[in-house]
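Residue 136 in UniProt numbering sits at position 136 of the sequence shown; the count goes up by one each step and never skips.
We put the beta carbon where it would ideally sit given N, CA and C, even for glycine.
If you're wondering where the values come from, they're calculated on a predicted model, not measured in any experiment.
Notes for the one structure printed next.
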Amino acid sequence: MDRPIPAFYACYLLRSTVRHQSLYVGSTPHPVRRLRQHNGNAKGGAVRTSRDSLRPWEMTCLVTGFPSKIAALQFDFERWPLKVTFYAEDVYRVWIKGTSQQIAKLRPGISVELDGSMRSTNDRGAEETPQEASKPKGIDALDISYAGLKAHLEKSRQAIEDAEWLHCNICHQGLPSNGAMTLVCPSEGCSALSHIDCLSKRFLDTSRDGDAMLPTSGNCPECGNKLQWVDLVKELSLRMRGEKEIKALFKKRRRTKKQMDAEASAADHASELSAEDEPMDDLVPEDDDVWHQLPESSDVEELEAPKLASAFHSDPNPAVSRPTFARKELRTPDPEPVIEDSDADDWAVLT
């Protein structure tokens, strides 16, 4: 495996808004783009969702928390801390009713919730303000980028590059000078570094699940903060394998003439404001979308309930060279990586 763990990967459940009995299951790193493809608004999609008589489709449910595409495709055997989010209130109520009648309970580490924007007005409370109404909702509000790891990466870079001698906080032995196989606590003010094996064993020893082969979470041996294992290994894989992704994350965006004119206008306006006023002139352009269409494959006729059991694990490569962190002055980005959708028709269930 020579690529970092994806920033986001999810399994999803589509439902035809025309015929609710028609369903489709797939997985993707980009739910918004994938839904547009299924509805024919963008190139791609799947044969099973291409019939106009069933369009438009809606995304009713997402299962997130997978560390890779492979893990998502094998979610029946997963032990990662997963999150099930419903984007259709009626489907959520069916889930609640169905699970309440079952004797077997979901294993620990799986959270289930209805997206807040999908709740009825009575459940949400007061009416939305115009500002709240203008914010992205549902799957449009998902963060599918590595932006959440930026501070963690900066902290790791400083800890690894500035230290005279790296050592593990658990076994007190030396760590590789390039940071390979080294996990860094993301908590502010904490300097804990650990061998991946040492921290894994510490988390497993304090876990209530005696059968677990891989940890899901645990407390930092130095600061005591609760840490998610998948977040730690995701930062490690990005640091060691994601040079292009790091450059894209830290690059300075090229400003268009329209943006520069807008900033100049805002600056002129700011000079006329009183000392108490604060101009809102921050512009955050979005990245260009990149997608890759996969070939269709065979179908199956029924959807089986997931049986979450064993864990997927991918060790980082210890033989990689010292990572190069992109500085903030970097201007010329490499093309963004293509993380393939995995929506082969053998995931499709249409009735």
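Distance between residue j and residue i (C-alpha atoms, nearest Å)
i    : j    : result
E272 : R15  : Legend: pLDDT at E272 = 39, less than 50; position of this residue unreliable, value from coordinates given subsequently. For E272 and R15, the distance between alpha carbons rounds to 53 angstroms.
A42  : K234 : 30 angstroms
W95  : H172 : 48 angstroms
S22  : R34  : 17 angstroms
Y9   : P67  : 7 angstroms
L73  : S27  : 8 angstroms
P215 : L183 : 14 angstroms
Q37  : L54  : 14 angstroms
L153 : A147 : 10 angstroms
A7   : F203 : 23 angstroms
V63  : A163 : 39 angstroms
A104 : D211 : 18 angstroms
T17  : G116 : 21 angstroms
F86  : S177 : 44 angstroms
C11  : P4   : 19 angstroms
T206 : I70  : 28 angstroms
V230 : L13  : 23 angstroms
M118 : V25  : 21 angstroms
G179 : M240 : 8 angstroms
G174 : C220 : 18 angstroms
CB-CB length for residue i against residue j, believed under 8 angstroms
i    : j    : result
Q228 : S217 : 5 angstroms
I160 : L199 : That belief does not hold up - the Cβ atoms of I160 and L199 are roughly 16 angstroms apart, past 8 angstroms.
T60  : V91  : 5 angstroms
N- and C-terminal bounds of the alpha helix (DSSP H) containing residue i
i           : result
C216        : Cys is not the amino acid found at residue 216; the sequence shown has Thr there. Looking at the DSSP string, T216 is not in any alpha helix (DSSP H), and its letter there is neither H nor E.
residue 364 : Because the chain here runs from 1 to 351, residue 364 falls outside it and cannot be looked at.
E127        : Here E127 belongs to no alpha helix (DSSP H), and DSSP marks it neither H nor E.
S156        : 150-162
Boundaries (first-last residue) of the beta strand (DSSP E) holding residue i
i    : result
I110 : 110-114
H195 : 193-195
K83  : 82-86
A10  : 10-16
K226 : 226-228
L23  : 23-28
Identified DSSP bridge partners for residue i
i           : result
residue 352 : Absent from the model: residue 352. The displayed extent of the chain is 1 to 351, so no value can be given.
E245        : DSSP, once it has assigned bridges, lists no residue as partnering E245.
H167        : G174
Sufficient close CB pairs (3 or more, under 8 angstroms) joining the region 211-226 to the region 132-147: no
Would you call the region 103-113 and the region 82-90 in contact, with 3 or more CB pairs under 8 angstroms? yes
Is the region 244-253 touching the region 185-192, taking contact as three or more C-beta pairs under 8 angstroms? no
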